[in-house]
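**Q** In our numbering, the protein residues as written are 164 to 714. Just so it is clear, CB atoms sit at the ideal spot from N, CA and C, and this is done for glycine as well. Below you will find the structure I want to go over with you.
Below, the structure is given as structure tokens:
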């Protein structure tokens, strides 16, 4: 009976075990500072003395957590978020339990947090982080500079003035203490995750999506746990501010959405309890459920609310610039309410533009940073990201030219393909804005798909960039049609980045041996789990089907 009351119990324990293994492994396999403050400690320093074992533990934990997330996702997808699937309270408790060990452990998967600390320290010393890199401003022997990957030591800050100013406050509190600085930045990232958890279910209700399922796909996603909670990326604050701003600016009601029930939460029964009432199990496309007949007669959002929402979105853009894309869809939604004419679009653009400019002026002059961030937005383009379609095409074209005896023109082909990618992004976003104005695409869906185009067609793609699109889309009713793909893609991509971060300074054989050992640990854990499920469920409840759920 206990298993039926809480069907996610075993999956939750599997994920928690994985998170704990990751936390222990991070003491030797994480993105640790240089020098490692754990060196010399008797107990807590043991994982750092055996890097292979630490990485193996981390990879085994990563596999357990990802499989547990897929297992619960399969329950929600197959059973339609009705009993005996876990409810929203159980899902929330599960996500928090998995996040706690990662929030208490050293950072993993990226060393960007050390760049955050260095750029804030540059500002604290009265220098301009948009002109000088950490090596120039702090020196190559500074503890903050030594931990930054070599490629980023001479590059200025690509982040917005709000983030640098908040980091300046962290530096004032922590000084040059790297450990306390990392903990303070993690607290800031957790604030962003908290905003995501607060806003995502509200946007899901507006879009007709089951809030618990939206939280599971978005906030409890392994990419969020690995790269926002553990990796401490400032995407957490950017996306949190963006979603909170969208909620305020768009309002609570599903204006422009066809009141007829649809399949946003496929399989959710009208008879089920909680927030899933009124959602029909019939699957359909989120874009086609928008009622084209609605528009000028909709009840408008109070002006103070959409101004506050636009300000929050701009603050998100003051962390990372792509968040500003959401202002376009907020503007189209307002223009559609006002009549959908050209002058309505111009009016909405003018008002929202004034809010954005006002916010940037206050931040720029208030912090003393000015607008130097405008000139550093191409900093990340120095790397050639293999996940970027436009970069891959440019490098492939360059290699073809070399093989054909035409010389190495890779830089030229990269400029061409990346330029074509930029044009394609503009075309996709413009089309989405038009559909939003006509009431054929929900604004939240437009933001998610638009940011997805920015990421996938842009010159640089990191796994955590995919969260720009994945988290907003988790709240939309168009998401369940691609649920299986979203689950599989998140699971695969979550396992692609080594926990050590940007640099791997161990012997070449250690990483593959560690991954192999981690896979063996994972298989042993799954064998034990299968036996536990068999004992608790009994033959009549289909234990084999339960075990197949994570696959």
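#1: Going by the CB atoms, is the gap between residue 515 and residue 493 shorter than 8 Å?
#2: Let me know the secondary structure DSSP gives residue 290 once reduced to three states.
#3: Thinking C-alpha only, which one of 314, 360, 286, 262 is nearest residue 334?
#4: How about the segment 381 to 389 and the segment 302 to 314: do they share at least three Cβ pairs that are nearer than 8 Å?
#5: Is the distance from the Cβ of residue 639 to the Cβ of residue 611 below 8 Å?
#6: Less than 6 Å between C-beta atoms, sequence neighbours within five positions excluded: which residues of the same chain meet that for residue 479?
#7: Please look up how many angstroms separate the CB atoms of residue 675 and residue 526, rounded, as I've assumed it's under 8 Å.
#8: Out of 661, 227, 475, point me to the one whose CA is closest to residue 355's CA.
#9: Ignore the nearest five residues each way along the sequence and tell me which others in residue 211's own chain have a CB closer than 8 Å to its CB.
#10: Could you check what DSSP says for residue 319 in three-state terms: helix, strand or coil?
#11: Out of 267, 374, 532, which has the shortest C-alpha to C-alpha gap to residue 343?
#12: What residue range is occupied by the uninterrupted alpha helix (DSSP H) comprising residue 663?
#13: Looking only at its chain, what residues have a beta carbon closer than 6 Å to the beta carbon of residue 236, apart from the 5 residues adjacent to it on each side?
#14: Please classify residue 495 as buried or exposed, where buried requires at least 16 other C-beta atoms within 10 Å of its C-beta.
#15: Measuring straight from C-alpha to C-alpha, what distance separates residue 294 and residue 284?
#16: State buried or exposed for residue 659, treating a residue as buried only when at least 16 other CB atoms are found within 10 Å of its CB.
#17: Okay, do the segment 247 to 265 and the segment 679 to 693 touch, 3+ Cβ pairs below 8 Å being the bar?
#18: Just confirm the distance between the C-beta atoms of residue 413 and residue 360, as a whole number of angstroms; I'd bet it's less than 8 Å.
#19: So, is residue 683 buried or exposed, given that buried needs 16 or more other C-beta atoms within 10 angstroms?
#20: Using a 10 Å radius around the Cβ and a threshold of 16 neighbouring Cβ atoms, would you call residue 588 buried or exposed?
#21: Excluding the five sequence neighbours on either side, which residues of its own chain have a C-beta within less than 7 Å of the C-beta of residue 637, listed in chain order?
#22: Buried or exposed for residue 188, going by 16 or more other Cβ atoms inside 10 Å?
#23: State the Cα-Cα distance for the pair residue 635 and residue 365, rounded to the nearest angstrom.
#24: Could you check where the alpha helix (DSSP H) with residue 553 kicks off and where it finishes?
#25: Grab the span of the alpha helix (DSSP H) containing residue 361 for me, first residue to last.
#26: Assign residue 303 to buried or exposed, taking buried as 16 or more other Cβ atoms, counted over all protein chains shown, within 10 Å of its Cβ.
#27: How many angstroms separate the CA atom of residue 411 from the CA atom of residue 623?
#28: Starting from residue 267 and walking both ways along the alpha helix (DSSP H), at which residues does that stretch end?
#29: Please go through the same chain and pick out, in chain order, the residues whose beta-carbon is closer than 6 Å to the beta-carbon of residue 508, but skip the five residues on each side of it.
#30: Where residue 227 and residue 277 are concerned, what is the direct C-alpha to C-alpha distance, given to the nearest angstrom?
#31: Helix or strand or just coil, what does DSSP make of residue 522?
#32: Measuring alpha carbon to alpha carbon, tell me which residue in 392, 615, 368, 274 is nearest residue 350.
#33: Whole angstroms are fine: how far does the CA of residue 538 sit from the CA of residue 264?
#34: Determine the extent of the alpha helix (DSSP H) in which residue 574 is found, giving its start and end residues.
#35: From this set, 504, 368, 383, 678, which residue's C-alpha is nearest residue 178's C-alpha?
#36: Classify residue 694: buried if its beta carbon has 16 or more other beta carbons within 10 angstroms, exposed otherwise.
**A** If we stick to the structure as given:
#1: Between residue 493 and residue 515, the C-beta gap is smaller than 8 Å, which places the two residues in contact.
#2: Assigned with DSSP and collapsed to three states, residue 290 falls in coil, not helix or strand.
#3: Distance from the Cα of residue 334 is smallest, within the candidate group 314, 360, 286, 262, for 286.
#4: No: fewer than three Cβ pairs fall under 8 Å.
#5: Yes, Cβ-Cβ distance for residue 639 and residue 611 is below 8 Å.
#6: 401, 404, 405, 486, listed in sequence order.
#7: Separation of the CB atoms of residue 675 and residue 526 is rounded to 46 Å, and the pair is thereby denied contact status at 8 Å.
#8: Closest option to residue 355, Cα to Cα, is 475.
#9: Within the same chain, Cβ atoms closer than 8 Å to the Cβ of residue 211 are found at 190, 191, 195, 199, 201, 202, 217, the five residues on either side in sequence being excluded.
#10: Residue state, collapsed to three classes: coil.
#11: The alpha carbon of residue 343 has as its nearest neighbour, out of 267, 374, 532, the alpha carbon of 267.
#12: In this chain, residue 663 is not harboured by any alpha helix (DSSP H), its DSSP state being neither H nor E.
#13: Taken in chain order, the residues that qualify are 650.
#14: The residue in question, residue 495, is buried, as its Cβ has 16 or more Cβ neighbours within 10 Å.
#15: Using only the alpha carbons, I get a separation of about 14 Å.
#16: Residue 659 comes out exposed.
#17: Contact fails: fewer than three Cβ-Cβ distances are below 8 Å.
#18: About 18 Å separates the CB atoms of residue 413 and residue 360; that is not less than 8 Å, and the two are not in contact.
#19: With fewer than 16 other Cβ atoms within 10 Å, it is exposed.
#20: Buried.
#21: Cβ neighbours of residue 637 within its own chain (closer than 7 Å, five residues either side excluded): 363, 377, 380, 381.
#22: The residue is buried, with at least 16 neighbouring Cβ atoms inside 10 Å.
#23: Rounded to the nearest whole angstrom, the CA to CA distance from residue 635 to residue 365 is 11 Å.
#24: Here the alpha helix (DSSP H) through residue 553 covers 552 to 566.
#25: In the DSSP assignment, residue 361 falls within the alpha helix (DSSP H) that extends over 341 to 370.
#26: By the 10 Å Cβ count, residue 303 comes out exposed.
#27: Whole-angstrom Cα-Cα distance: 31 Å.
#28: Unbroken alpha helix (DSSP H) run through residue 267: 251 to 267.
#29: 498, listed in sequence order.
#30: Linking residue 227 to residue 277 through their CA atoms gives a straight-line distance of about 28 Å.
#31: Residue 522: helix per DSSP, three-state reduction.
#32: Taking residue 350 as reference, the option from 392, 615, 368, 274 with the minimal CA-CA separation is 392.
#33: Cα to Cα, residue 264 sits roughly 39 Å from residue 538.
#34: Taken as a continuous stretch (DSSP letters only), the alpha helix (DSSP H) holding residue 574 covers 573 to 600.
#35: Answer by Cα proximity: 383.
#36: With fewer than 16 other Cβ atoms within 10 Å, it is exposed.
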